[in-house]
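Visitor: I'd like to ask some things about the structure below.
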Amino acid sequence: MTTPTTPEKPRSLSFRTVAQLVALVIADAAISVWVGRQAYLWMPPQASAEALLVDDLFGFLTTIGSFIFLGVTTALLYSVLFQRADKYDISDGPPVEGNLLVEVLWTTIPLGLVIWIATYSYQIYDQMAILGPMEHMNHVPNLGLMPPAEAATLPAVPEKTPIEVHVRQWAWEFHYPDQNIISTELHLPVNERARLKLISEDVLHGFYVPAFRVKQDVIPGSTIDFGFMPIREGRYRLRDSDYSGTYFAANQGIVVVESAEAYQQWLATAAQQPLTEADNRAFREFTKLGDRPISAGWKTVEPAPPPRVNFASSEEDSYE
Amino acid sequence: MSNASLDAIAAKSDQPFPGAPNNWRRFFSFSTDHKVIGIQYMVTAFVFFLIGGLLAMVMRGELITPEADLVDRTVYNALFTMHGTIMLFMWTFPMLNGLSNYLVPLMIGARDMAFPRLNAAAFWLVPVFGTLLMVSFFVPGGPSQSGWWAYPPVSLQNPTGNLINGQVLWLLAVALSGVSSIMGAVNFVTTIFRMRAPGMGWFRMPAFCWTVLSAQMIQLFGLPSLTAGAVMLLLDLTAGTSFFDPAKGGDPVLYQHFFWFYSHPAVYVIILPIFGTFSEIFPVYARKPLFGYRFVVVSSVIITVLSAMVWVHHMFASGTPSWMRMLFMFSTMLISVPTGVKVFAWVATVWGGKLRLDTPMLFALGGLVCFLFAGITGVMLGAVPFDIHVNNTYFVVGHFHYVIYGATVMGIYAAIYHWFPKMTGHMYYEGLGKLHFALTFIGVNLNFFPMHPLGLMGMPRRVASYDPEFAYWNVIASLGGFLLGVSTLPFILNIVSSWVLGKRAPANPWNAIGLEWLISSPPPVENFEEIPIVVSGPYGYGSDESLVANNPAGELISEHS
């Protein structure tokens with residue numbers, strides 16, 4: 103067996119090795135940048151100002167992640183392919199126990215990287231100004247659409263009354279207090295900051311609209327102020343994101359973002375409608391006995407009766 | 033030393049133990065031998081792994097179509113609750129406890145654990161709470177359906193109105209599991225502190241023992257929080273208290289803090305021994321010392337410390353103020369630094385080695401690649417604005433299955449194959465092992481990769497039905513899930529047949545360095561005839577240093593090269 107008798111001195115790297123390494127790093131970086139661009143395509147439509155920010159952050163994280171993943175797996179793959187022991191070779195490899203410089207580098211470089219990622223994430227969060235439930239919305243957040251100095255000099259926008267979001271096992275209901283409207287579809291005007299009050303009537307639920315990239319648990323016993331900025335007209339899916347019991351998966355709704363005129367029109371029309379019973383999937387499934395899949399006959403919390411609303415969503419499953 | 037032939041020592045195996053059953057019956061007795069207890073843990077855990085896996089396959093069957101059409105929604109909710117509970121409390125924890133139980137005393141040169149009876153008692157609680165969990169399938173209303181987090185108020189709803197219901201049994205089982213794990217942790221920490229062989233200073237201790245120590249310290253500081261939370265929830269459910277019930281003035285978010293204060297660090301309790309396994313296996317099959325040993329082992333302790341301050345990242349979309357979200361974002365991302373140190377060290381260990389791609393090495397490499405992927409998505413999840421989008425979606429489910437199946441289960445398989453000859457005295461069949469690896473690696477990626485795009489698209493976790501746009505990736509994931517079910521078959525065949533019929537294993541079939549490889553396979557009761565005197569570090573591959581100054585196997589004189 104051929105073990106070196108003295109520890110190997112670190113050899114100075116040849117020009118050829120350095121050139122190869124640089125070429126590999128450039129290739130890795132180029133592929134990673136490309137993957138980072140693809141990341142935007144994996145997301146739902148960008149229907150809010152927050153979505154633009156979150157997708158930029160995700161693209162950035164994907165680029166860095168791809169760079170590390172490709173670098174490490176390429177090294178491992180090279181070893182597996184080209185550094186295998188011959189069948190009858192029972193000798194050991196070189197007794198390299200470590201290299202302080204390398205170890206310090208791969209501790210400090212990731213540390214710097216982590217601080218960079220965290221700082222960037224912090225800035226994005228700051229711009230989104232998604233408000234924790236223990237704070238109150240008292241300023242118009244700057245969504246990066248204008249420089250902060252300009253935003254600060256804007257005239258104070260008169261506060262709108264927030265739309266109340268009521269959620270229970272298992273229905274979403276939206277109350278427009280100024281117009282005295284109850285609806286199972288959340289209508290919002292485009293390019294105007296939405297203000298919501300999230301209220302749970304029983305257990306934990308989650309308000310989640312993937313196209314807006316926003317999510318907030320709705321916690322029974324407290325009212326949560328919530329806001330975001332829809333920027334794209336369309337119909338989007340609202341989902342319950344915090345497990346809420348038997349019919350959790352069926353607890354979905356529709357958010358409609360429309361022009362200011364269409365929104366006013368909708369409010370006017372809805373206010374004219376009398377209260378009628380909306381369709382409710384959980385209640386429908388619960389009451390429709392028979393044609394059930396494999397059931398153990400376990401007792402469940404009974405769904406609340408269908409909401410009585412001025413406006414019921416007619417096309418439950420049509421959304422982007 | 034590393035290349036010394038120690039095969040001659042293999043002659044001394046099957047050592048009978050005076051007065052105790054020395055056949056298979058000892059595995060069904062209240063044995064205090066850490067090796068017997070280790071195997072008891074592992075076999076029990078594996079049975080529950082199969083049960084948890086079957087539950088998962090029924091879930092994947094349900095999710096192969098968008099509608100809730102295979103099982104009733106209550107059944108689906110029970111399935112994911114019990115799948116998560118069983119896989120954590122009945123599979124990974126007992127499995128890793130078993131592995132650590134078997135290996136730690138051997139690796140540090142001790143004859144047993146510090147408290148052998150406590151050790152046996154901790155194990156025998158496992159079948160007790162395992163039975164409680166299984167029984168809950170048959171009580172009125174079925175088992176718990178509130179998810180393995182058991183968040184109130186859903187976990188307090190109890191639609192049956194019975195005092196004995198699935199949720200009560202679940203809470204009892206979790207509390208008992210906590211007691212059992214604390215008993216185990218006291219034992220491990222004491223053993224590692226007090227019973228290392230002469231000459232084995234901290235920096236001569238194998239990396240696996242460092243990771244077990246780090247993991248068990250987490251059990252000691254974290255479990256009281258979970259166990260207290262479980263007891264308070266139990267009181268809310270049965271005695272009418274109102275710690276967490278908002279309808280009576282309780283705070284449901286407080287429970288989330290109690291729960292995650294332990295249950296996030298619990299991930300490190302699981303992954304740290306797997307890190308240890310990687311640190312043991314890469315040097316053996318790359319024939320090189322562990323690169324940067326001191327950095328690697330110290331980083332385990334740093335992970336333990338940091339793990340105590342990351343729990344709120346599970347609650348970024350919950351009732352948490354902004355300052356808390358930012359603080360825990362930084363601490364969460366920070367933990368990737370000591371973890372990265374380990375990953376880079378393993379790659380450097382493998383690099384330039386003389387690789388032998390035996391089954392343990394394949395599983396370790398596959399596990400490392402999965403862990404790397406999971407680590408990257410983990411840092412992504414730490415970034416609050418992105419987390420708010422994917423929190424409680426399948427992105428998270430994909431992430432943690434890469435950790436728990438990709439890295440942990442593959443790491444466990446690597447460990448089982450690597451130490452199988454030591455534990456049983458028989459060699460496993462290499463061909464079946466490689467088949468098992470191929471099926472597992474393909475299955476893991478088919479099953480868990482599709483969950484990432486699903487989460488990005490906005491599919492929430494824990495849904496029995498979903499919108500049709502998610503169907504494509506779900507079909508692929510389901511096929512992967514069924515493949516993972518199939519992948520256990522060659523493993524079971526391999527283990528059972530080679531345990532009974534396999535070729536006799538020598539003391540050191542892999543030519544590995546370590547105290548456990550200096551004694552016969554399987555080791556005699558009380559392990560070492562003579563307590564080893566350790567004179568060098570644990571990974572002297574490529575050097576001629578001897579690990580010990582004496583021959584711990586006793587009468588046979590070892591031949592040093």
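Which chain is which? The protein sequence lines are A and B, in order. One rule links them: number in our numbering = place in the first sequence (from 1) + 102. One rule links them: number in our numbering = place in the second sequence (from 1) + 32. Cβ atoms here follow ideal geometry from the backbone N, Cα and C, with glycine treated the same way. Treat the numbers as computed from the prediction; the structure is a model and nothing was measured.
1. Are the C-beta of B:P238 and some C-beta of chain A separated by less than 8 angstroms?
2. Alpha carbon to alpha carbon, how far is A:S324 from A:S302?
3. Is B:Y183 buried or exposed, if buried means 16 or more other CB atoms sit within 10 Å of its CB?
4. Measuring CA to CA, which of B:R143, B:M356 and B:L252 is closest to B:R226?
5. Could you give the DSSP three-state label for B:H345: helix, strand or coil?
6. If you scan the region 297-326 of chain A from start to end, which runs of the alpha helix (DSSP H) of 4 or more residues do you find wholly inside it?
7. Check whether chain B comes within 8 angstroms of A:D327, counting only Cβ atoms and requiring the distance to be less than that.
8. Where does B:A88 fall in DSSP's three states?
9. In whole angstroms, what is the alpha-carbon distance linking B:A279 and B:N197?
10. Using the beta-carbon of each residue, which ones in chain B are nearer than 7 angstroms to A:F171?
11. If the criterion is Cβ atoms closer than 8 angstroms, does the pair B:T381 and B:P315 meet it?
12. Look up A:A149 in the DSSP assignment and say whether it is helix, strand or coil.
13. Would you kindly work out how many angstroms separate the C-alpha atoms of B:I565 and B:N583, rounded to a whole number?
14. Rounding to the nearest angstrom, what Cα-Cα distance links A:P235 and B:V507 in this structure?
15. Using the C-alpha atoms, what's the distance from B:F307 back to B:A406?
16. Could you give the DSSP three-state label for B:P175: helix, strand or coil?
17. Per DSSP, what kind of secondary structure is A:K111 in: helix, strand or coil?
18. If you draw a straight line from the C-alpha of A:Y365 to the C-alpha of A:I356, how long is it?
19. Given 8 angstroms as the limit, is there contact between the region 150-166 of chain B and the region 262-279 of chain B, that is, 3 or more CB pairs closer than that?
20. Ignoring anything shorter than 4 residues or poking outside the region 462-525 of chain B, list the alpha helix (DSSP H) runs there in chain order.
21. Taking B:T324 as the query, report the chain A residues whose CB atoms sit under 7 angstroms from its CB, ordered along the chain.
22. Could you check which residue in B:L394, B:L413, B:G324 and B:D65 has the C-alpha nearest to that of B:P370?
23. How is A:A251 classed by DSSP in three states: helix, strand or coil?
24. For A:D158, name the three-state secondary structure that DSSP assigns.
25. Any beta carbon of chain A sitting closer than 8 angstroms to that of B:A509?
26. Identify which residue in B:M114, B:G173, B:V411 and B:S530 has its Cα closest to the Cα of B:G179.
27. Take A:L163 and list the residues in its own chain whose beta-carbon comes closer than 6 angstroms to its own, dropping the five residues that flank it on each side.
28. Is it buried or exposed for A:N412, if we count other Cβ within 10 angstroms and need 16 for buried?
29. I believe B:V211 touches B:L157 by the beta-carbon criterion, under 8 angstroms. Please report the beta-carbon distance rounded to the nearest angstrom.
30. Which residues bound the alpha helix (DSSP H) around A:L340?
31. Can you give me the C-alpha to C-alpha distance between A:I166 and A:Y190, rounded to a whole angstrom?
32. Leaving out five residues before and five after B:A217 in sequence, what residues of the same chain have Cβ atoms less than 8 angstroms from its Cβ?
33. Kindly indicate which three-state DSSP category A:H241 falls into: helix, strand or coil?
34. Taking B:D419 as the reference, give the member of A:A129, A:G200, A:L213 and A:A153 with the closest Cα.
35. Name, please, each residue of chain B whose Cβ falls closer than 7 angstroms to the Cβ of A:L54.
36. Tell me B:F112's beta-bridge partners as DSSP assigns them.
Guide: Short version:
1. no
2. 8 angstroms
3. buried
4. B:R143
5. helix
6. none
7. no
8. helix
9. 21 angstroms
10. L404, F405 and I408
11. yes
12. coil
13. 9 angstroms
14. Because the pLDDT of A:P235 is 39, which lies under 50, any placement of that residue in the model is unreliable, and the question is left without a value.
15. 14 angstroms
16. strand
17. In this prediction, A:K111 has a pLDDT of 48, which is less than 50 and means its spatial position is unreliable; what the coordinates show is noted afterwards. Three-state DSSP puts A:K111 in coil, outside helix and strand.
18. 15 angstroms
19. no
20. 462-480 and 483-489
21. As written in the sequence, residue 324 of chain B is Gly, which differs from the Thr given in the question. Within 7 angstroms Cβ-Cβ: G200 and E205.
22. B:G324
23. With a pLDDT of 46 at A:A251, under the threshold of 50, the modelled position of this residue cannot be trusted; read the value that follows with caution. Of the three classes helix, strand and coil, the one that applies to A:A251 here is helix, per DSSP.
24. helix
25. no
26. B:M114
27. none
28. buried
29. 7 angstroms
30. Unbroken run through A:L340 is the beta strand (DSSP E), G336 to D342; no alpha helix (DSSP H).
31. 41 angstroms
32. Q248, M249, Q251, L252 and L255
33. Unreliable placement is indicated for A:H241, whose pLDDT of 38 sits below 50; the coordinate value is still reported in the next sentence. Residue state, collapsed to three classes: coil.
34. A:A153
35. A question about residue 54 of chain A goes unanswered here, because the residues of chain A that appear run from 103 up to 422.
36. None; B:F112 has no bridge partner.
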